[in-house]
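Participant:
Structural data, given as structure tokens:
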């Protein structure tokens with residue numbers, strides 16, 4: 001397991017594993033992570049990561065012991081250039097729908113360009129002229145080197161590469177229950193958060209077990225009688241594995257889209273880029289509802305989420321993290337989520353807007369919070385809340401962080417009402433033309449404002 005400490009803004013200040021390894025975190029005034037250092041049990045640094053940001057909150061550079069990686073973005077925040085520590089430059093271009101049209105890699109003075117072709121429903125139809133094919137449901141079936149098969153629910157059931165076959169099975173809710181290769185079948189068993197808690201073989205014997213932290217990031221793995229610890233950078237990538245004595249047994253490095261660029265040691269970690277589950281047998285990341293190919297920067301199957309018209313790139317059913325893999329994650333394959341550095345700035349603004357409505361118009365807003373989520377959303381629209389607020393509520397409600405903050409706001413608001421304040425609302429609304437103004441002048445109203453202000457400040461501290 002891992003032990004955490006937090007700073008005054010409830011941000012992680014340190015993480016210590018049972019093997020003695022320690023990670024320390026430092027933040028800037030905006031709450032962005034600016035430095036992380038990982039130490040072994042003796043206090044010697046294993047690695048460190050320093051981060052810089054642009055004015056929009058995008059990471060522009062990451063400096064570690066291997067050197068500095070820099071990133072550049074277009075006006076839509078799509079990644080267009082990545083420069084690795086060894087000087088390798090990777091450049092991307094995209095069409096209007098967000099499909100990657102080219103990838104140019106320059107290394108040691110030599111340039112290699114890969115071109116991509118699409119149909120009118122954003123299906124990748126060719127890479128450098130090599131045809132890709134799909135079934136009628138939009139699932140990739142052949143990429144020239146592998147063939148793919150799916151069940152009636154569009155879940156990947158087989159990957160064939162030459163004579164090598166990998167097969168998968170799933171339970172009713174779509175979570176993968178087994179993987180069969182030439183070496184046998186592994187069965188997956190999950191905790192309540194859909195993390196793999198342990199694996200068994202065909203005899204029912206436990207062959208591996210895992211622990212995760214409160215944010216569902218991998219902490220430890222026990223296999224073959226040995227316990228290993230996952231060392232993560234600030235973006236959630238597994239950059240090293242350490243044994244029970246804190247010794248490094250494997251290291252990993254990635255490009256922005258999650259392709260493994262270097263790997264030391266013989267141990268193949270099942271969790272890698274962003275803490276995603278990685279299948280070494282297929283080269284795919286398993287993101288619960290779909291599989292992600294880091295070489296293509298795309299999913300094999302369509303997203304079931306309809307996307308948001310105000311954010312056109314989300315309408316593309318195949319692209320990963322709206323082409324900003326540096327700042328966005330997609331742990332369940334359904335809808336991308338923004339790394340906390342940017343999300344919390346939006347959340348702070350959103351909290352201030354919402355609480356301004358709560359504090360200044362308590363009677364008007366009150367009833368909306370006794371209806372389901374959709375009615376709350378409509379009530380906010382009726383109050384002419386800016387359209388950006390509505391869109392942000394929808395977008396952030398998809399994240400576990402956003403849902404926790406929203407529940408805190410809603411629970412606190414309703415909690416204030418119970419204890420007699422709700423009765424005062426009804427009385428004021430029935431007797432006066434301007435119930436909000438009247439209520440705020442009463443003793444109960446003043447208590448309400450005081451409590452709501454304290455609640456707002458507590459939520460802001462929680463965001464960081």
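Residue numbers (UniProt numbering): 1 to 464. Virtual Cβ for every residue (Gly too), placed ideally from N, Cα, C.
1. Please report how far the alpha carbon of residue 151 lies from the alpha carbon of residue 157, in whole angstroms.
2. Just grab the DSSP bridge partners of residue 1 for me.
3. Starting from residue 267, follow the beta strand (DSSP E) in both directions and report where the run begins and ends.
4. Tell me whether residue 278 is buried or exposed, calling it buried when 16 or more other Cβ atoms sit within 10 Å of its Cβ.
5. Under the rule that 16 or more other beta-carbon atoms within 10 Å means buried, what is residue 173, buried or exposed?
6. Which residues in the same chain have their Cβ closer than 7 Å to the Cβ of residue 307, if we skip the five residues on either side of it in sequence?
7. Since residue 453 and residue 242 should fall inside the 8 Å C-beta cutoff, what is the C-beta to C-beta distance between them, to a whole number of angstroms?
8. What span of residues does the beta strand (DSSP E) with residue 312 cover, start to end?
9. In its own chain, which residues sit with a C-beta less than 6 Å from the C-beta of residue 167, not counting the 5 before and 5 after it?
10. Fully enclosed by the region 105 to 134, which alpha helix (DSSP H) runs are 4 residues long or longer?
11. Exposed or buried, what is residue 45 when buried is set at 16 or more other beta-carbons lying within 10 Å of its beta-carbon?
12. Pull the bridge partners of residue 67 from the DSSP assignment, please.
13. Should residue 318 be listed as close to the ligand ADP, given that the test is whether its C-beta is under 7 Å from any heavy atom?
14. Among the candidates 238, 78 and 216, whose CA atom is the shortest distance from the CA of residue 197?
15. Out of 207, 271, 224 and 201, point me to the one whose CA is closest to residue 230's CA.
16. Less than 8 Å between the CB atoms is what I'm expecting for residue 222 and residue 240, so what's the real figure, rounded?
17. DSSP three-state call for residue 452: helix, strand or coil?
18. Might you give, ordered along the chain, the residues of its own chain that have their beta carbon closer than 6 Å to the beta carbon of residue 123, omitting 5 neighbours on each side?
19. Can you check which of these residues, 214, 325, 312 and 442, is closest to residue 97 by C-alpha distance?
20. Kindly indicate which three-state DSSP category residue 184 falls into: helix, strand or coil?
21. Among the residues of its own chain, which have a CB less than 6 Å from the CB of residue 374, if the five just before and after it don't count?
22. If you check the beta carbons only, do residue 256 and residue 326 fall under 8 Å apart?
23. Just how far apart, CA to CA, sit residue 262 and residue 183?
24. With residue 279 as the anchor, note down where its beta strand (DSSP E) starts and where it stops.
25. Name the two residues that bound the continuous beta strand (DSSP E) containing residue 205.
26. Quick one: what does DSSP say residue 438 is sitting in, helix, strand or coil?
27. Comparing C-alpha positions only, which one of 54, 72 and 289 sits nearest to residue 484?
28. Going by DSSP, what residues sit across from residue 477 in a beta bridge?
29. Closest by CA to residue 200, which one among 211, 186, 190 and 193?
30. Please report the straight-line C-alpha distance between residue 317 and residue 332, rounded to a whole angstrom.
31. Since residue 139 and residue 301 should fall inside the 8 Å C-beta cutoff, what is the C-beta to C-beta distance between them, to a whole number of angstroms?
32. Leaving out the 5 sequence neighbours to the left and right, which residues in its chain are closer than 6 Å to residue 191 when beta-carbon positions are compared?
33. By how many angstroms is the C-alpha of residue 309 removed from the C-alpha of residue 324?
34. Which stretch, first to last residue, makes up the beta strand (DSSP E) that contains residue 82?
Facilitator: On the basis of the data shown:
1. About 6 Å.
2. None, per the DSSP bridge assignment.
3. Premise fails: residue 267 is in no beta strand (DSSP E) and is neither H nor E.
4. So residue 278 counts as buried.
5. Under this definition residue 173 is an exposed residue.
6. Around residue 307: 314 and 315.
7. Between residue 453 and residue 242, the beta carbon gap of about 46 Å keeps them out of contact (Cβ cut-off 8 Å).
8. Premise fails: residue 312 is in no beta strand (DSSP E) and is neither H nor E.
9. The residues 158 and 180, in chain order, have a CB closer than 6 Å to that of residue 167 in the same chain once the five nearest residues on each side in sequence are set aside.
10. Within the region 105 to 134, no complete alpha helix (DSSP H) run reaches 4 residues.
11. Residue 45 comes out exposed.
12. Paired residues: 64.
13. You won't find the ligand ADP in this model; it holds no ligand whatsoever.
14. The residue with the shortest Cα to Cα distance from residue 197 is 216.
15. Ranking 207, 271, 224 and 201 by Cα distance to residue 230 puts 271 first.
16. Distance from residue 222 to residue 240 at the Cβ level is roughly 17 Å; contact not present, criterion being Cβ atoms closer than 8 Å.
17. Here residue 452 sits in helix by DSSP.
18. Hits under 6 Å: 134.
19. Measuring from the Cα of residue 97, the nearest candidate turns out to be 312.
20. Residue state for residue 184 is assigned as strand, using DSSP reduced to three classes.
21. With a pLDDT of only 38 at residue 374, under the threshold of 50, the placement of this residue in the model should not be trusted, and no figure is reported.
22. Contact: yes.
23. Roughly 25 Å between the two C-alpha positions.
24. Counted as a single uninterrupted DSSP element, the beta strand (DSSP E) harbouring residue 279 occupies residues 277 to 279.
25. The continuous stretches of beta strand (DSSP E) do not include residue 205, and DSSP gives it neither H nor E.
26. Residue 438 carries a helical assignment under DSSP once its states are collapsed to helix, strand and coil.
27. The structure shown does not extend to residue 484, since the chain spans only 1 to 464, so no value can be given for it.
28. With the chain covering 1 to 464 only, the question about residue 477 has no answer from this structure.
29. Ranked by Cα distance from residue 200, the options 211, 186, 190 and 193 are led by 186.
30. The C-alpha of residue 332 is placed about 14 Å away from the C-alpha of residue 317.
31. Beta-carbon to beta-carbon, residue 139 and residue 301 are separated by about 5 Å, close enough to satisfy the 8 Å threshold.
32. These residues qualify, in order along the chain: 197.
33. Going from the Cα of residue 324 to the Cα of residue 309 covers about 18 Å.
34. Looking at the DSSP string, the run of the beta strand (DSSP E) that includes residue 82 is 79 to 83.
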